[in-house]
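Here the structure comes first, spelled out in structure tokens, and everything after it is commentary.
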Amino acid sequence: MDIKIQQVETSKIESVDFSNLSFGQVFTDHMLVCSYTNGEWESPEIIPYGPMTFEPSARVFHYGQAVFEGMKAYKDDDGDIFLFRPDESIKRLNASSERLAMPALPEEIFHEGLKQLLHLDTEWIKKGFGNSLYLRPFVIATEPAISASPSNDYKFIIICSPAQSYYAGEVRVVVADKFSRAADGGVGYAKAAGNYASQFYPTSLAHKEGYQQIIWTDANTHEYMEEAGTMNIFFRIGDKLITAPTNDRILDGITRKSIIQLAKDNNIDIEVRNIKVSEIREAAEKGELKELFGSGTAAVVNPIKGFKHKDFTYELPELESTYASFFKEKLMNIQYNKSEDVHGWRVKV
Ligand code: COI
145 MDIKIQQVET SKIESVDFSN LSFGQVFTDH MLVCSYTNGE WESPEIIPYG
195 PMTFEPSARV FHYGQAVFEG MKAYKDDDGD IFLFRPDESI KRLNASSERL
245 AMPALPEEIF HEGLKQLLHL DTEWIKKGFG NSLYLRPFVI ATEPAISASP
295 SNDYKFIIIC SPAQSYYAGE VRVVVADKFS RAADGGVGYA KAAGNYASQF
345 YPTSLAHKEG YQQIIWTDAN THEYMEEAGT MNIFFRIGDK LITAPTNDRI
395 LDGITRKSII QLAKDNNIDI EVRNIKVSEI REAAEKGELK ELFGSGTAAV
445 VNPIKGFKHK DFTYELPELE STYASFFKEK LMNIQYNKSE DVHGWRVKV
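Under the numbering used here, think of the first position of the sequence shown as 145, with each following residue one higher.
Here is the structure:
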């Protein structure tokens, strides 16, 4: 596939402190840009990362026609580059686009664009467990027109940011009992930009009380646990692991489905079913709630130290060995080419 490449004159990599990265603050030298116009996707280009020009009337600014993916590139000890389940990402990007009346992106542009971009910015992918290059493919509506209808023009862009952990400190969550993230028939399952914007205000209220995230509950009754917005959520009661089934309100997380598979592979009792908030409170009160953790590309597997629901607060026990660290290690061993990959999730680029 023909991808025109315009390289930077001087890389900025020397100015980056790779041992001290805050998530999503630094971007690599290049980005991929592909335009959709007159009903088709044009040839992509790789150009220096930098500002782009859009008219203020571009539809994305007014109606939020924007979808994205989160992926990571990993390097093994030999310097080979790997992606984790990239087929799932392009499938989900196109499912998100369909929901927002945006055109599907040909898979070849996605895969070949990632490959060429990663080889060009390979120095930005550092070896070593925990180091990765976070990839943000996204599609935005660029047509300069403000009638409330789908855009005729779009841009598909991939930017890359060297990353270590997503959360800098301990994570505690509030279980939602007023605000909602998604409703039946809505866009909750899509990685639509607006799904994230709508969480910022309730999450800022949670921050004021010392909690970093919200576990969203179903919008109708607030009785069932759903997801945490930046992560899917797992509960461990005794030795049983439970996570909510995906539906049109919950993101079909790639890390989530990988953990479910790994649990099955390792004979861990896993139930994918609706989880009542009251069940989790009762398990906590009886001392049976052992773990609560989130999963996602950026966060990988992140233990949650405590939660609050209305006037009930609970701190999770400190355990010697946790499912969270078990799954994190299993996943990272696959991602960094350190263990066998029986499901064919790891893709060398
Ligand atoms: C990811 O985990 O890649 C996501 O897209 C979540 C985002 C809020 C960082």
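Note that beta-carbon positions come from the ideal geometry of N, C-alpha and C, so glycine has one too.
In terms of residue numbering, what span does the beta strand (DSSP E) encompassing residue i cover?
i      : result
Thr387 : 384-387
Ile414 : 414-416
Phe300 : 298-307
Asn481 : Per DSSP, Asn481 belongs to no beta strand (DSSP E) and is neither H nor E.
Ala217 : 215-219
Phe323 : Where Phe323 is concerned, there is no enclosing beta strand (DSSP E), given that its DSSP letter is neither H nor E.
Ile190 : 189-192
So what does DSSP say about residue i, is it helix, strand or coil?
i      : result
Gly183 : coil
Val444 : strand
Thr390 : coil
Ser494 : There is simply no residue 494 to check, as the chain begins at 145 and stops at 493 in what is shown.
Met369 : strand
Ile424 : helix
Arg380 : strand
Lys492 : strand
Phe226 : strand
Gly168 : coil
Lys156 : coil
Thr361 : strand
His255 : helix
Ile290 : coil
His174 : strand
His453 : strand
Leu264 : helix
Lys434 : strand
Output yes or no for whether 8 angstroms exceeds the beta carbon distance between residue i and residue j.
i      : j      : result
Glu213 : Met145 : no
Ala336 : Ala285 : no
His174 : Leu264 : yes
Gln343 : Gly313 : no
Ala388 : Ala363 : no
Arg425 : Phe378 : no
Tyr207 : Met246 : no
Val318 : Tyr355 : yes
Arg400 : Asn376 : yes
Pro195 : Met215 : no
Tyr467 : Tyr218 : no
Ile358 : Thr347 : yes
Tyr333 : Leu395 : yes
Ile302 : Leu463 : no
Val491 : Phe226 : yes
Ala427 : Leu433 : yes
Lys449 : Arg316 : yes
Arg417 : Ser295 : no
Closer than 7 angstroms to a non-hydrogen atom of the ligand COI - does that hold for the CB of residue i?
i      : result
Gly257 : no
Thr390 : no
Ala443 : yes
Tyr311 : no
Gly332 : no
Tyr345 : no
Tyr340 : yes
Gly329 : no
Gly440 : yes
Gly214 : yes
Residue range of the alpha helix (DSSP H) that residue i falls in?
i      : result
Pro230 : 230-243
Val211 : Looking at the DSSP string, Val211 is not in any alpha helix (DSSP H); the run it does join, the beta strand (DSSP E), is 210-212.
Gly338 : 337-352
Tyr278 : No alpha helix (DSSP H) holds Tyr278; the beta strand (DSSP E) holding it covers 276-285.
Ile203 : Correcting the residue identity first, residue 203 is Arg in this sequence and not Ile. Here the alpha helix (DSSP H) through Arg203 covers 203-207.
Glu459 : It is not in any alpha helix (DSSP H) - Glu459 instead sits in the beta strand (DSSP E) that spans 456-459.
Lys449 : Counting along the chain, Lys449 falls outside any alpha helix (DSSP H), and DSSP gives it neither H nor E.
Leu406 : 398-409
Considering only heavy atoms of the ligand MG, does any lie closer than 7 angstroms to the CB of residue i?
i      : result
Thr374 : For the ligand MG, the structure offers nothing, since it holds only the ligand COI.
For chain C, find out if any of its Cβ atoms is closer than 8 angstroms to the Cβ of residue i; answer yes or no.
i      : result
Phe471 : Here chain C cannot be found, since the structure has a single protein chain.
Per the contact definition of three or more C-beta pairs closer than 8 angstroms, is the stretch 304-322 in contact with the stretch 229-238?
Verdict: no, contact absent.
Determine, using beta-carbon pairs with one atom in the stretch 466-475 and one in the stretch 443-452, whether at least three such pairs fall under 8 angstroms. With a cut-off of 8 angstroms, the stretch 443-452 and the stretch 466-475 count as touching, because enough Cβ pairs lie within range.
The stretch 176-191 touching the stretch 145-156, judged by at least three CB pairs closer than 8 angstroms: Enough Cβ pairs lie closer than 8 angstroms, so yes.
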